[in-house]
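Single-structure report; data block below.
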Amino acid sequence: MSSVLDRPSAAAAGPRPAPPRRRTRILALPEARWALAALVLFLAALLLHLLDTPAWLWGPLFAAVYVTGGWEPGWEGLKALKEKTLDVDLLMVVAALGAAAIDQVLDGALLIVIFATSGALEAVATARTADSVRGLLDLAPETATRLADDGTEETVPADSLAVGDVVLVRPGERIGADGRVLDGTGDVDQATITGEPLPVAKQPGDEVFAGTLNGSGALRVKVERDPSESVIARIVEMVEEAAETKAPTQLFIEKVEQRYSLGMVAATLLVFVIPLLMGSDPRSTLLRAMTFMIVASPCAVVLATMPPLLSAMANAGRHGVLVKSAVVMERLGQVDAVALDKTGTLTEGTPHLTDLRPLDGSGLDEDGLLRLAAAAEHFSEHPLARAVVDAARARDLDPPTASDFSSAPGTGVTATVDGRAVTVGSPARLLDNPAHPAAVLAAALEGEGRTAVVVTLDGRPAGVLGIADRLRPEAATATRALAELTGRAPVLVTGDNPRAAARLAAEVGITDVRAGLLPQDKVDAVHELRNGGAKVLVVGDGVNDAPALAAAHTGIAMGRAGSDLALETADAVVVRDELATIPTVVSLSRRARSLVIQNLVVAGAFIAVLAVWDLAGTLPLPLGVAGHEGSTVLVGLNGLRLLADGAWRRAHPDVR
37 MSSVLDRPSA AAAGPRPAPP RRRTRILALP EARWALAALV LFLAALLLHL
87 LDTPAWLWGP LFAAVYVTGG WEPGWEGLKA LKEKTLDVDL LMVVAALGAA
137 AIDQVLDGAL LIVIFATSGA LEAVATARTA DSVRGLLDLA PETATRLADD
187 GTEETVPADS LAVGDVVLVR PGERIGADGR VLDGTGDVDQ ATITGEPLPV
237 AKQPGDEVFA GTLNGSGALR VKVERDPSES VIARIVEMVE EAAETKAPTQ
287 LFIEKVEQRY SLGMVAATLL VFVIPLLMGS DPRSTLLRAM TFMIVASPCA
337 VVLATMPPLL SAMANAGRHG VLVKSAVVME RLGQVDAVAL DKTGTLTEGT
387 PHLTDLRPLD GSGLDEDGLL RLAAAAEHFS EHPLARAVVD AARARDLDPP
437 TASDFSSAPG TGVTATVDGR AVTVGSPARL LDNPAHPAAV LAAALEGEGR
487 TAVVVTLDGR PAGVLGIADR LRPEAATATR ALAELTGRAP VLVTGDNPRA
537 AARLAAEVGI TDVRAGLLPQ DKVDAVHELR NGGAKVLVVG DGVNDAPALA
587 AAHTGIAMGR AGSDLALETA DAVVVRDELA TIPTVVSLSR RARSLVIQNL
637 VVAGAFIAVL AVWDLAGTLP LPLGVAGHEG STVLVGLNGL RLLADGAWRR
687 AHPDVR
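Going by this note's numbering, 143 is the number at position 107 of the sequence shown; the sequence numbering is gapless.
And the structure:
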C-alpha cells in the first residue's frame, strides 16, 4: 500500500518526485542579448548626455542603441512588408529614426529600448513554455524492463517498445508505456493523467498509463499503445496544437492597428510630398511631416492603452495573482464561462480524515480506533496512511510502537500493536460479507464520495475510517462570484470518480458535473463551450489540465501545487492558491478595460487636435512633442488609479 503523495502537505513524507528541469537560459536567446546590449548602451549614453558632455561622446552610444535594439524588429518589419503587411515594430523604428532626424535622439533611443525589451520578454515566455512541454516528456522513463518469452529481462529504451511487448514495473518505478496489467497488484499514482488525489489499486486486467508511478508491488504490463501514441505523448501534442491553432490575441487598439498605421504613413507622405510639389522649402516641409508623424504616432495610443492594464497586473501581483501579459489582463474581463478542475483547484489536493466509525462491540471509541490505525500506518508512505497519522497528531494522540509491519499492495498494512494484530486496508479485500455492519458503513461512506478504510483487530472488523480530499474554505464563495460575473454557473471537469465529483459539486453549488475525464475529454468539454459562443476560463493545476488550459480563451493555474507544465501553459497563476482572487482579478480586468476606453478617447482627442493644428497652421515641434507627451502623461496617470489597494477592494465581488 506504499506510494508517494503527488501533492504533499507540510506533513507528508518526502518530496514529490519531479522530472528534471530543462530551462533555456535567458541570455541564450538572441532577443534577450540584443535588448540587454541596447539597455546598457542607452543608460551609458543617457548619463553622458545628462552630464552635458560633448556630443561626440554620447552620440555614438545612442547610434549603437539604434543598431543593437532596432535592427531585429526593423528586419522583421521589412520581411512583413514584403508580405504586404505593415508591422507596428517597423513603424516604431521609422518613428525613432524620424525623431533622430529632427534632433530628438534621446526620445528615439528610448522608444527603441522599450520595443527591444518587449520583444525579449515575449521570446523568454515562448522559450519557457517550450521548456515545460519538453520537460513533460521526462515523466515517461527513458528505459523499461522488457520480458522475453522465456522470462529473461532486457533493459531497452522506452520509445522502442512495441504493442504486444510485456514489461516488468518494479516498486517505485514509472510505467514505460500505456498498457494493461497481466500479473501483480500495486497502487499506481496516476495524478499526472487523471488528476485523482489518491493512488489507484491496480490488479490484472486494469489499464495503466505511461509516466505514472508504481507504488509497491511488481506489475507485469502488456503494452497496448505505441509510445508515440500514449496518453502522456498526446498531452504534449495537444498543448503544442492548442498553442499553434489558438486564435491570435490582440489588445483592443491592435484590432485597428493595420488600418491606422497605413493611414498614418500615407498621411505623413502626403504632408511631405504635396507641399514640395507646390514649391515649399524642403527643410520646413520635412519638419512639418516629422512633427505630424510624431503627434499622430500610434505609440501614443498604445501607451494610452497599456497603463490601466499594467497597473491592474501589478495590483493583481501584489495580491497573489501573476498575470503574464497585458493581453491576458484584457482577456480575463471577456470571459463568460468557467470550467473548474476539482483536485488541487476546488480542493486542497491532499487527503484528510473525515470520519471515525468504531463498530459496536469493538470496545473502542473514536480515539482508540484512530490510535490503533495510526500505529499500524506509521511506517507506510501511502497518502491514506499519512492522513490517518496526521489526524492522530492533530488530536494529540500518542500511538504505541508497532512491530511486524508488512504492506500488501492493493490490500493494506498489517502490524502488531499492543500484542494484537491490526490490519488497515481496503473494504473490498478485508470484508467478505456485504451485509456486515462494517461493509454497510464503508458503502455509505463511499456513496458520499469518501474513500473507506477498514480497521480489523485480531482478524475482526473494529471500525471504518472515511478519508477525502478537503474542499478549500473559499471554494463556494468563489464559485458563486464567478457565476454572478459570467451569468452562468461554472462547469466542473475532473478525472476523479463521479461520486466524489458530485458530492463536491453539491457543496459549492455546481450542477454541470463532468467526471472521469482524461486530458482529451477536458479539451473536448472546453471546445464544446467555445463552439457555443462562450469565452471560456479554465482553472486547473495538473499536467492533465494543461491541454485544457491551452485550449481555453484564458487559463489560470493554481501555483502552490501546480505542475510545471500547467504553470507555463496557463495565462495567469494564483501564486498563493487563494481561489477567491480569481473572481476579483476578472472584475479588476473589466475595470481596466473601462479605463482603456476612457484613455483612448482622451488620446484620440489630443491626436486629432494636434494633427489638425499641424496641417491647418504651424505647430511648433516642441509644442507638438509637449502635447503628445502631455496626453501620454494624462492617460498614464488615469491608468495608474488601478495601482491602489482600493481598486482591488472595489473589484472584489460582493457575494452574499
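Here a beta-carbon is modelled for each residue, glycine too, at the ideal position from N, C-alpha and C.
Counting along the chain, the unbroken beta strand (DSSP E) around Arg216 starts and ends at Gly215 to Asp219. In the three-state reduction of the DSSP assignment, Thr447 falls in the coil class. Three or more Cβ pairs closer than 8 Å define a contact, and the segment 549-567 falls short of that threshold against the segment 398-407.
Put simply, the backbone Cα of Val458 is about 55 Å away from that of Met349. Across the structure, Ala421 and Gly461 are spaced so that their CA atoms are roughly 10 Å apart. Cα atoms of Ala511 and Gly576: separation of roughly 13 Å, rounded to the nearest angstrom. Every unbroken stretch of the beta strand (DSSP E) spanning 3 or more residues and falling wholly within the segment 560-585 is given here in chain order: 572-576. Per DSSP, Leu93 is one residue of the alpha helix (DSSP H) stretching across Ala91 to Lys118. The Cβ atoms of Ala588 and Val609 lie no closer than 8 Å to each other. Under the three-state reduction of DSSP, Lys360 is assigned to coil, being neither helix nor strand. In the assembly as shown, Asn567 is an exposed residue. Its beta-carbon has fewer than 16 other beta-carbons within 10 Å. Take the alpha-carbon of Thr450 and the one of Ser416: they are about 10 Å apart. Listed as beta-bridge partners of Thr181 by DSSP are Thr191 and Leu204.
Residue pairing from DSSP places Ser442 in a beta bridge opposite Thr450. For Ala687, the enclosing alpha helix (DSSP H) begins and ends at Asp681 to Ala687.
In terms of Cβ geometry, Gly660 and Leu670 do not form a close pair [threshold 8 Å].
Cβ-Cβ separation between Arg627 and Ala687: approximately 6 Å, consistent with a contact (criterion under 8 Å). By the C-beta criterion, the segment 493-500 is judged not to be in contact with the segment 341-348, since fewer than 3 inter-stretch pairs fall below 8 Å. Counting every other CB atom within 10 Å of its CB across the protein chains shown gives Met314 a total below 16, marking it as exposed. Under the 10 Å beta carbon count, Ala246 is surrounded by 16 or more other beta carbons and is classified as buried.
Ala68 places its beta carbon 8 Å or farther from that of Ala145. DSSP assignment within the segment 440-517 yields the following whole beta strand (DSSP E) runs of 3 residues or more, N-terminal first: 448-453, 456-461, 487-493 and 496-507.
Here the C-alpha atom of Leu77 lies approximately 19 Å from the C-alpha atom of Gly110.
As the crow flies, the alpha-carbon of Glu243 is around 6 Å from that of Gly215. Nearest neighbour of Arg256 by Cα position, chosen from Ser266, Pro387, Asp262 and Gly212, turns out to be Gly212. Remark: C-beta atoms of Ala373 and Leu565 approach each other more closely than 8 Å.
The beta-carbon separation of Ala412 and Val453, rounded to 6 Å, stays under the 8 Å limit for a contact. Taking a contact as a CB-CB distance under 8 Å, the pair Gly220 and Pro235 does not count as one, their CB atoms being some 15 Å apart.
For the options Ala504, Val544 and Val637, the alpha carbon positioned closest to that of Thr513 is the one of Val544. Annotated three-state conformation of Glu384 is strand, per DSSP. Restricting attention to Thr179, Ala198 and Gly200, the CA atom closest to the CA of Glu190 is found in Thr179. The beta carbons of Arg210 and Leu183 sit no closer together than 8 Å.
Looking only at Val192, Ser333 and Gln226, the smallest Cα-Cα distance to Ser667 is reached by Ser333. When Cβ pairs closer than 8 Å are counted between the two stretches, the segment 511-530 is seen to touch the segment 615-623, the count reaching three or more.
Your pair Leu507 and Gly531 does not check out as a contact, with CB atoms roughly 17 Å apart and the cut at 8 Å. For Gly483, the CB contacts under 7 Å within the same chain, skipping 5 residues up- and downstream, are Arg535 in chain order.
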